[in-house]
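A.B. asks: Taking this note's numbering as reference, the numbering of the sequence shown is continuous, increasing by one, and the terminal residue is 735.
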Amino acid sequence: LQLLLKFQCQISQSLALFLTGYLIGLLPAPDSFNPKKFFQLCGLTKKSPQEVKNVFNILDNDASGFIEEEELKFFLQRFSPGARVLTDKETKGFLSAADDDSDGKIGAEEFQAMVLS
Ligand SMILES: [Ca+2]
619 LQLLLKFQCQ ISQSLALFLT GYLIGLLPAP DSFNPKKFFQ LCGLTKKSPQ EVKNVFNILD
679 NDASGFIEEE ELKFFLQRFS PGARVLTDKE TKGFLSAADD DSDGKIGAEE FQAMVLS
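(1) Whose C-beta lies closer than 8 Å to the C-beta of Val670 among residues of the same chain, with five residues either side of it excluded?
(2) Could you name the residues of the same chain whose beta carbon sits closer than 8 Å to that of Ser720, not counting the 5 residues immediately before and after it, in chain order?
(3) For Ile685, write down the residues that DSSP places opposite it in a beta bridge.
(4) If you follow the alpha helix (DSSP H) that Arg702 is part of, which residue opens it and which one closes it?
(5) Can the beta-carbon of Val685 be found closer than 8 Å to that of Ile724?
(6) Cutting at 8 Å between CB atoms, please list the residues of its own chain near Leu713, excluding the five before and the five after it.
(7) Hey, quick one: how far does the alpha helix (DSSP H) through Lys655 stretch, first residue to last?
(8) Need the endpoints of the alpha helix (DSSP H) that Pro667 sits in, please.
(9) Roughly how many angstroms lie between the CA atoms of Lys665 and Phe692, to the nearest whole one?
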């Protein structure tokens with residue numbers, strides 16, 4: 619296993635990336651993605667608010683200050699390029715879980731609240 623990990627590390631350049639890819643590989647079938655569970659699995663729930671904000675900035679691809687539905691769809695691919703896109707159902711579920719003020723997009727504070735609470 620050690621050797622395998624080392625090998626994977628060299629390929630992916632980073633163990634973190636490998637582990638995330640591994641987790642995504644274990645993701646359940648379409649329509650069963652659970653964002654809260656995903657954040658727990660990849661250890662994001664234990665990060666500082668600033669680190670969570672950094673992840674938010676990556677997900678906010680067009681730097682609009684919000685994660686919109688179109689960006690949310692490609693959520694998994696930001697973690698691992700080979701991952702699938704979220705289904706419409708998963709995207710809407712994700713959005714409604716985080717969108718406290720119901721404006722149809724996720725702000726930085728809403729994202730932090732969702733991940734860290
Ligand atoms: Ca955006």
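Cβ coordinates follow ideal geometry from the N, Cα and C atoms, glycine included.
C.D. replies: Let me lay it out:
(1) The beta carbon of Val670 sits closer than 8 Å to those of Leu662, Phe729, Gln730, Val733, Leu734, all from its chain and outside the five residues before and after it, given in chain order.
(2) Same-chain partners within the cutoff: there are none.
(3) DSSP, once it has assigned bridges, lists Ile724 as partnering Ile685.
(4) Segment: none, Arg702 is in no alpha helix (DSSP H) and carries neither H nor E.
(5) It should be pointed out that residue 685 corresponds to Ile in this sequence rather than to Val. With a cutoff of 8 Å on beta-carbon distance, Ile685 and Ile724 are scored as near each other.
(6) So the list reads Glu687, Leu690, Gly722, Lys723, Ile724, once near-sequence residues are dropped.
(7) In this chain, the alpha helix (DSSP H) harbouring Lys655 covers 653-659.
(8) In this chain, the alpha helix (DSSP H) harbouring Pro667 covers 667-677.
(9) Spanning the two alpha carbons is a distance of roughly 22 Å.
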